[in-house]
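Numbering (our numbering), first residue to last: 1079 to 1237.
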Amino acid sequence: MSPKEILIQARKLHDEGRYDDAIQLLLPLKDISPKLEEHQYISISYSYFCLNNFRQSFHYAELVSKKNRSNEFAFQLKYLCLFEENKIDEALSEIINFLNEFPADLYKITLEELLVDINENRIHGEFAAKILFFANQNNVINQVKFNPTDKDRINLKKS
1079 MSPKEILIQA
1089 RKLHDEGRYD
1099 DAIQLLLPLK
1109 DISPKLEEHQ
1119 YISISYSYFC
1129 LNNFRQSFHY
1139 AELVSKKNRS
1149 NEFAFQLKYL
1159 CLFEENKIDE
1169 ALSEIINFLN
1179 EFPADLYKIT
1189 LEELLVDINE
1199 NRIHGEFAAK
1209 ILFFANQNNV
1219 INQVKFNPTD
1229 KDRINLKKS
């Protein structure tokens, strides 16, 4: 099988919930193009995440994010791994680091969820301010329904 066919087969294994099999299929791939390697590592990271092996998942997502700073899926996996390990500040830093450079696509849903957390006082201070800034910058704030009192309280009123 060619590397591309292996990646397609790994995706099928994911769809079947056979994450260990996907990892075993993907790990031996060597000397492939950088783009295919990126897909290989994201797929391995996703497989480990689904198996609740967050350290390994983070490792492979980190390999991708170091080579391609704009790969939002790698940063999303890193965020989710840190969140699952209850490293909330580090997880939020992952979002902020990515959004400092690139617009949100996958992170839009995460930003919406974080706005609710801000609204319910679970996130505050510098993280809350950064999240509000990025939510506004990525047109996410208007997608979350707040009553007028809540909008005023978290400083979302339009000027």
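Cβ atoms here follow ideal geometry from the backbone N, Cα and C, with glycine treated the same way. As the structure is a prediction and not an experimental result, all values here were calculated from the model.
Terminal residues of the alpha helix (DSSP H) in which Lys1082 lies = Pro1081 to Asp1093
Going by the CB atoms, is the gap between Ile1101 and Ile1084 shorter than 8 Å?
-> no
In this structure, does DSSP put Ser1237 in helix, strand or coil?
-> For Ser1237, the predicted model reports a pLDDT of 40, less than 50, meaning its position is unreliable and no value from the coordinates is stated.
Glu1168 in three-state terms, based on DSSP = helix
In three-state DSSP terms, what is Asn1175?
-> helix
Leaving out five residues on either side along the sequence, give the residues of the same chain with a beta carbon under 6 Å from the beta carbon of Thr1188.
-> none
For Asn1199, count neighbouring Cβ atoms within 10 angstroms of its own Cβ and tell me buried if that reaches 16, exposed if not.
-> exposed
Three-state secondary structure assigned by DSSP to Lys1108 | coil
Nearest-angstrom Cα distance between His1137 and Leu1210?
-> 29 Å
For Glu1172 versus Leu1160, is the C-beta distance shorter than 8 Å?
-> yes
Where Leu1129 falls: helix, strand or coil (DSSP) | coil
Whole-number beta carbon distance between Leu1155 and Ala1139, since they are thought to touch under 8 Å | 4 Å
Asn1216 versus Pro1081 - alpha carbon distance = 36 Å
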